[in-house]
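Enquirer: With numbering that gives the first Met the number 0 as the guide, the letters of the sequence shown map in order to residues 0 to 730. Where is the CB? At the ideal position from N, CA and C, for every residue including glycine.
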Amino acid sequence: MSTERFLAVALPVPLRRLFTYKTTNPQSLLGCRVRVPFGRQHLIGVVVAEPATCDLDHHTLKSIEATIDQTPALPLGDVWTLIHKAARYYHHSLGEAFATALPNALAKGEPAQLTPEKHWHVTAEGRAQQPTLAANAVRMKRAMTLLVTAEHGLSDSELKAHDVASTTLKSLANKGWIVAQLRTPTATPVALGVAKQLNAEQQHIVDQMAQLSTEFAVGLIDGVTGSGKTEVYLHVIAQVVQQAQQVLLLVPEIGLTPQTLRRFEQRFPGQVAVMHSGMTDRQRLETWLKARDGHIRVLIGTRSSIFTPLPDLALIIIDEEHDASFKQQDGFRYHARDLAILRAQLKNIPVLLGSATPSLESLKHALSGRYHHFKLSERATGQSLPMVKLVDCKNQPLSEGFAKPLLDAMDAALKAGQQVLVFLNRRGYAPVLLCHQCGWIADCTRCDSYMTLHQSNQKRYLQCHHCGRYQNDICQCPKCNSNQLLDIGQGTERIEQFLTARYPDISLQRIDRDTTRRKQAMANYVEAAQKGETQLLIGTQMLAKGHHFPKVTLVAVLDIDGALFSSDFRAPERAAQLITQVAGRAGRAELKGQVLVQTHYPEHPLLQALTANDYPLLARQLFQERQHASLPPQTHMALFRAESLDKQAATDFLSFVRDAFRPLQQTLEIWGPVACAISRKSGRFRFQLVLNTSSRAELHNALSRTLPSIESAKVANKVRWSLDVDPQDLL
Ligand code: ADP
Ligand code: ZN
Ligand code: ZN
Numbered sequence: 000m001s002t003e004r005f006l007a008v009a010l011p012v013p014l015r016r017l018f019t020y021k022t023t024n025p026q027s028l029l030g031c032r033v034r035v036p037f038g039r040q041h042l043i044g045v046v047v048a049e050p051a052t053c054d055l056d057h058h059t060l061k062s063i064e065a066t067i068d069q070t071p072a073l074p075l076g077d078v079w080t081l082i083h084k085a086a087r088y089y090h091h092s093l094g095e096a097f098a099t100a101l102p103n104a105l106a107k108g109e110p111a112q113l114t115p116e117k118h119w120h121v122t123a124e125g126r127a128q129q130p131t132l133a134a135n136a137v138r139m140k141r142a143m144t145l146l147v148t149a150e151h152g153l154s155d156s157e158l159k160a161h162d163v164a165s166t167t168l169k170s171l172a173n174k175g176w177i178v179a180q181l182r183t184p185t186a187t188p189v190a191l192g193v194a195k196q197l198n199a200e201q202q203h204i205v206d207q208m209a210q211l212s213t214e215f216a217v218g219l220i221d222g223v224t225g226s227g228k229t230e231v232y233l234h235v236i237a238q239v240v241q242q243a244q245q246v247l248l249l250v251p252e253i254g255l256t257p258q259t260l261r262r263f264e265q266r267f268p269g270q271v272a273v274m275h276s277g278m279t280d281r282q283r284l285e286t287w288l289k290a291r292d293g294h295i296r297v298l299i300g301t302r303s304s305i306f307t308p309l310p311d312l313a314l315i316i317i318d319e320e321h322d323a324s325f326k327q328q329d330g331f332r333y334h335a336r337d338l339a340i341l342r343a344q345l346k347n348i349p350v351l352l353g354s355a356t357p358s359l360e361s362l363k364h365a366l367s368g369r370y371h372h373f374k375l376s377e378r379a380t381g382q383s384l385p386m387v388k389l390v391d392c393k394n395q396p397l398s399e400g401f402a403k404p405l406l407d408a409m410d411a412a413l414k415a416g417q418q419v420l421v422f423l424n425r426r427g428y429a430p431v432l433l434c435h436q437c438g439w440i441a442d443c444t445r446c447d448s449y450m451t452l453h454q455s456n457q458k459r460y461l462q463c464h465h466c467g468r469y470q471n472d473i474c475q476c477p478k479c480n481s482n483q484l485l486d487i488g489q490g491t492e493r494i495e496q497f498l499t500a501r502y503p504d505i506s507l508q509r510i511d512r513d514t515t516r517r518k519q520a521m522a523n524y525v526e527a528a529q530k531g532e533t534q535l536l537i538g539t540q541m542l543a544k545g546h547h548f549p550k551v552t553l554v555a556v557l558d559i560d561g562a563l564f565s566s567d568f569r570a571p572e573r574a575a576q577l578i579t580q581v582a583g584r585a586g587r588a589e590l591k592g593q594v595l596v597q598t599h600y601p602e603h604p605l606l607q608a609l610t611a612n613d614y615p616l617l618a619r620q621l622f623q624e625r626q627h628a629s630l631p632p633q634t635h636m637a638l639f640r641a642e643s644l645d646k647q648a649a650t651d652f653l654s655f656v657r658d659a660f661r662p663l664q665q666t667l668e669i670w671g672p673v674a675c676a677i678s679r680k681s682g683r684f685r686f687q688l689v690l691n692t693s694s695r696a697e698l699h700n701a702l703s704r705t706l707p708s709i710e711s712a713k714v715a716n717k718v719r720w721s722l723d724v725d726p727q728d729l730l
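Pasting the structure below:
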């Protein structure tokens with residue numbers, strides 16, 4: 000009789016514990032995925048330990064239903080350890096951490112092996128017969144031409160990328176002109192494209208990184224927009240690729256522009272792969288497996304790519320390290336930058352962070368000497384940084400939100416054939432629809448917020464930007480029946496309408512989430528702008544990052560005042576980063592750029608500092624303010640949030656949490672419970688409670704000690720609650 004053994008399984012459920020199951024399989028299953036019964040469900044989990052004994056009654060223990068892997072899908076290496084440490088650090092369920100870290104297809108139980116691909120070659124007969132193809136056999140002709148010229152043949156996916164249909168291949172195979180072999184993809188030999196000659200500041204960074212290449216170290220490139228950070232990455236990556244090792248480059252959600260990607264592919268032909276949220280589960284899995292099996296040398300990806308196993312990983316780079324999209328905002332709320340540093344430590348390799356507007360968190364370490372602080376103080380093209388000027392619009396007549404000096408500047412730039420970028424971080428037509436008679440405002444019935452009026456493509460409708468609720472436009476006030484409804488305020492659609500009327504002969508493009516829903520839309524707009532075909536660009540923060548529009552000389556920032564008075568303590572930092580980044584789009588090539596920022600508060604210290612074009616100085620000021628106010632990065636925070644249809648249940652839960660931490664009040668500030676800034680969303684009331692302390696260790700001790708009682712409390716069952724360690728977003 001085979002003997003029973005115990006398995007500790009991490010399951011994708013919120014409970015912060017492991018679950019024990021039995022198996023008679025004599026082989027070690029550590030790291031393997033198994034399917035298990037869980038209540039009435041069947042779940043897929045990861046075996047994280049094989050305990051020799053078990054305190055529970057053996058007869059009540061259930062057996063696993065199936066083993067999915069024979070060997071661990073995720074090797075028991077640095078990523079394995081990273082996930083364990085991350086789950087502990089964020090006080091999150093290990094099973095959910097695994098489910099987030101693994102590609103969806105693996106979490107769902109798909110096989111973790113690369114499927115061998117068909118690889119096609121032309122036969123001798125095919126070569127001989129090719130000229131006999133009829134003139135109208137266009138598809139076959141094209142496929143043959145591609146295959147005849149490809150020295151090593153082409154794979155199914157490569158042919159598919161060239162729009163060759165599988166039916167065409169079948170027809171050719173039936174004729175005996177081409178044959179296929181099954182082959183697992185492998186890494187292409189190292190070949191490098193031509194690199195740019197670096198300037199002295201850039202070269203210094205590359206040299207330093209070469210010296211640090213065999214140990215854990217963090218470098219921060221603090222380099223103005225257009226200073227050649229990407230060029231430095233390319234050189235540092237080349238050093239690694241030449242040793243046939245691997246690099247992971249993390250980029251923000253919308254930072255992966257086709258332009259940037261092309262730069263990497265040209266420099267490292269055949270060795271670059273991309274991973275982002277727009278891919279199908281299948282594509283993601285393929286890339287993940289290729290990375291794991293060492294067939295990819297440069298992996299460029301967004302947040303969750305930090306969990307990709309790379310056996311020969313020798314360097315991690317985080318571009319735009321300040322970007323908020325590196326922090327996951329729901330479920331397992333990890334920060335990819337912070338985990339990158341942890342991973343580098345585990346693997347004993349260097350990390351390179353880069354930004355024109357570093358986060359205060361990273362600057363703190365750079366200033367204290369913990370990170371190597373690299374500076375790129377000038378633009379690589381030799382252009383000076385654009386002038387930032389404030390346009391005081393207090394008491395000025397505004398046309399659709401534009402003050403006269405702003406319009407004059409736009410007139411001049413457009414007349415001179417230059418490009419203009421208008422930036423407004425608010426999509427839609429108008430943020431508020433109001434009744435002139437009685438003051439009624441169209442608000443969302445499910446959220447504590449107003450409905451945004453949209454008006455494009457001849458369609459008028461209202462939409463809530465928090466829950467997505469859609470409503471046809473109304474022409475009568477539901478309260479007093481008046482038909483005098485006013486659209487208050489400006490969104491990008493309204494500005495588009497206004498500027499189209501004002502500049503009828505100018506080609507114009509709005510770029511926001513609504514115009515870029517279709518795949519490729521963004522890429523097409525950006526390309527048209529780069530070629531100079533679009534002269535006037537209107538956009539939200541999607542337009543702020545990474546793009547290189549050579550002819551932009553004027554950037555107009557319409558509305559920044561809201562950010563100056565937000566209740567989130569990070570709002571000024573974000574506003575400064577955003578303005579610096581948008582400003583960075585101006586004057587990148589031959590023409591000098593200027594940035595006009597419209598405000599009612601020109602004397603505001605933050606805006607004053609921005610006009611000096613000195614982000615480092617501004618950052619130091621913000622940093623000192625945080626120190627005085629005892630806020631991060633001086634302190635460390637954790638945020639409990641509760642949502643419920645029942646207001647009382649939400650506050651009851653957080654009051655319980657507050658009482659649980661009260662004994663620790665000596666070292667821990669407790670703020671709340673208070674209503675969130677959006678106090679109701681999709682019908683649920685939202686409250687939060689913040690823990691703030693100068694000691695990270697204290698915070699984690701307190702959480703470890705207190706969470707079990709919170710998790711098992713009765714009041715916890717009546718609400719949706721979450722814990723966010725190092726929260727980025729306090730609204
Ligand atoms: P960043 O990533 O800091 O915005 P990039 O690396 O994109 O900067 O460089 C900005 C521009 O300067 C690009 O057009 C790039 O080709 C050019 N550039 C970068 N480094 C050099 C260099 N050493 N010599 C000449 N041009 C450079
Ligand atoms: Zn009314
Ligand atoms: Zn809503």
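Does the region 316-336 touch the region 284-298, meaning 3 or more C-beta pairs lie closer than 8 Å?
Expert: These segments do not touch.
Enquirer: Excluding the five sequence neighbours on either side, which residues of its own chain have a C-beta within less than 6 Å of the C-beta of Q201, listed in chain order?
Expert: Here residue 201 corresponds to residue number 202 of the sequence shown, with the count starting at 1. For Q201, where only same-chain residues beyond five positions count, the Cβ hits under 6 Å are G227 and V231.
Enquirer: CA-CA distance, R573 and D613?
Expert: Locating residue 573 in the sequence shown gives position 574, where the first residue counts as 1. Locating residue 613 in the sequence shown gives position 614, where the first residue counts as 1. Their backbone Cα atoms lie some 15 Å apart in a straight line.
Enquirer: Report the rounded CA-to-CA distance for A313 versus V239, giving the unit in angstroms.
Expert: Within the sequence shown, numbered from 1, the residue matching residue 313 stands at position 314. Within the sequence shown, numbered from 1, the residue matching residue 239 stands at position 240. Cα to Cα, A313 sits roughly 7 Å from V239.
Enquirer: Taking three-plus beta-carbon pairs below 8 Å as touching, is the region 411-429 in contact with the region 645-658?
Expert: No, the region 411-429 is not in contact with the region 645-658.
Enquirer: Count the other CB atoms within 10 Å of the CB of K346; is the residue buried (16 or more) or exposed (fewer)?
Expert: For this step, residue 346 is matched to residue 347 along the sequence shown. Buried, since its Cβ has 16 or more Cβ neighbours within 10 Å.
Enquirer: Quick one: what's got a C-beta closer than 6 Å to A272's C-beta in the same chain, skipping five residues either side?
Expert: Here residue 272 is taken as the residue at index 273 of the sequence shown, counted from 1. These residues qualify, in order along the chain: T286, I295 and L298.
Enquirer: Taking Cβ to Cβ, would you say V689 is nearer than 7 Å to W670?
Expert: As a position in the sequence shown, residue 689 is number 690, starting the count at 1. As a position in the sequence shown, residue 670 is number 671, starting the count at 1. Closer than 7 Å, so yes.
Enquirer: Find the nearest neighbour of L667 within the set N716, R640, C675 and N700, judged by alpha-carbon distance.
Expert: For the purposes of this step, residue 667 is taken as residue 668 along the sequence shown, with counting starting at 1. Closest by alpha carbon: N700.
Enquirer: Which word fits E319, buried or exposed, when buried means at least 16 other C-beta atoms lie within 10 angstroms of its C-beta?
Expert: Within the sequence shown, numbered from 1, the residue matching residue 319 stands at position 320. Under this definition E319 is a buried residue.
Enquirer: In whole angstroms, what separates the C-alpha of L563 from that of M278?
Expert: One-based indexing of the sequence shown puts residue 563 at position 564. One-based indexing of the sequence shown puts residue 278 at position 279. Their Cα atoms are separated by approximately 37 Å.
Enquirer: Taking P50 as the reference, which of R4, A86 and P385 has the closest Cα?
Expert: Here residue 50 refers to the residue found at position 51 when the sequence shown is read from its first residue. Of the listed residues, the one whose Cα sits closest to P50 is R4.
Enquirer: Does DSSP put T224 in a helix, in a strand, or in coil?
Expert: One-based indexing of the sequence shown puts residue 224 at position 225. Coil, per DSSP.
Enquirer: Do S154 and E95 count as a contact pair if the criterion is CB distance below 7 Å?
Expert: Taking the first residue of the sequence shown as 1, we reach residue 95 at position 96. Taking the first residue of the sequence shown as 1, we reach residue 154 at position 155. Contact flag unset, no.
Enquirer: Compare the Cα-Cα distances from G222 to each of P615, A172 and T2 and report the closest residue.
Expert: Translated into positions along the sequence shown, residue 222 becomes position 223. When only C-alpha atoms are compared, the closest one is P615.
Enquirer: Applying the criterion that 16 or more other CB atoms from any shown protein chain within 10 Å of the CB defines a buried residue, is I43 buried or exposed?
Expert: The sequence position of residue 43 within the sequence shown is 44, counting from 1. Result: buried.
Enquirer: Within a Cβ cutoff of 7 Å, which residues of the same chain sit near T80, ignoring the five residues on either side of it in sequence?
Expert: The count along the sequence shown starts at 1 and reaches residue 80 at position 81. Once the five neighbours on either side are set aside, the close Cβ partners of T80 are L345.
Enquirer: For the candidate residues F97, A355 and S276, whose alpha-carbon lies nearest to that of Q576?
Expert: Against the sequence shown, residue 576 aligns to sequence position 577. Among F97, A355 and S276, the Cα nearest to that of Q576 is on A355.
Enquirer: Within a Cβ cutoff of 8 Å, which residues of the same chain sit near D558, ignoring the five residues on either side of it in sequence?
Expert: One-based indexing of the sequence shown puts residue 558 at position 559. The answer, listed in chain order, is G400, L423, N424, R425, Q489 and Q597.
Enquirer: Do three or more CB pairs link the region 675-682 to the region 443-454 at distances below 8 Å?
Expert: Flag = yes, the region 675-682 and the region 443-454 touch.
Enquirer: Under 8 Å: do the region 52-68 and the region 26-38 share three or more Cβ pairs, one atom per stretch?
Expert: With the cut-off at 8 Å, the region 52-68 and the region 26-38 touch.
Enquirer: Answer yes or no: the CB of C479 versus the heavy atoms of ligand 2, is any distance below 6 Å?
Expert: Sequence index remark: in the sequence shown, residue 479 carries index 480 (1-based). Yes, the beta carbon of C479 sits closer than 6 Å to at least one heavy atom of ligand 2.
Enquirer: Taking C-beta to C-beta, are Q580 and A555 nearer than 7 Å?
Expert: Against the sequence shown, residue 580 aligns to sequence position 581. Against the sequence shown, residue 555 aligns to sequence position 556. No. Outside cutoff.
Enquirer: Can you tell me where the beta strand (DSSP E) holding P672 begins and where it ends?
Expert: If you number the sequence shown from 1, residue 672 lands on position 673. Run containing P672: E668 to K680, per the beta strand (DSSP E) assignment.
Enquirer: Nearest-angstrom Cα distance between H118 and H334?
Expert: Against the sequence shown, residue 118 aligns to sequence position 119. Against the sequence shown, residue 334 aligns to sequence position 335. If you take the alpha carbons of H118 and H334, they lie about 40 Å apart.
Enquirer: Which residues does DSSP pair with F686 in a beta bridge?
Expert: As a working mapping, residue 686 is identified with position 687 in the sequence shown. According to DSSP, which records beta bridges pairwise, F686 is partnered with A641 and A674.
Enquirer: Thinking L698 and H627 are a contact (beta carbons under 8 Å), I'd like their distance in whole angstroms, please.
Expert: The count along the sequence shown starts at 1 and reaches residue 698 at position 699. The count along the sequence shown starts at 1 and reaches residue 627 at position 628. About 20 Å; that fails the 8 Å criterion.
Enquirer: Excluding the five sequence neighbours on either side, which residues of its own chain have a C-beta within less than 8 Å of the C-beta of S481, listed in chain order?
Expert: On the sequence shown, position 482 is the one that residue 481 refers to. Taken in chain order, the residues that qualify are C434, H435, Q436, C437 and Q475.
Enquirer: Does any heavy atom of ligand 1 sit closer than 6 Å to the C-beta of A379?
Expert: Position 380 of the sequence shown holds residue 379. Yes, Cβ of A379 sits closer than 6 Å to a heavy atom of ligand 1.
Enquirer: Whole-angstrom Cβ separation of A142 and L181, contact assumed at under 8 Å?
Expert: Locating residue 142 in the sequence shown gives position 143, counting from the first residue. Locating residue 181 in the sequence shown gives position 182, counting from the first residue. Rounded, the Cβ-Cβ distance is 19 Å, inconsistent with contact.
Enquirer: For E495 versus Y428, is the C-beta spacing smaller than 7 Å?
Expert: Walking along the sequence shown from the start, residue 495 turns up at place 496. Walking along the sequence shown from the start, residue 428 turns up at place 429. Cβ distance not < 7 Å, so E495 and Y428 don't count as in contact.
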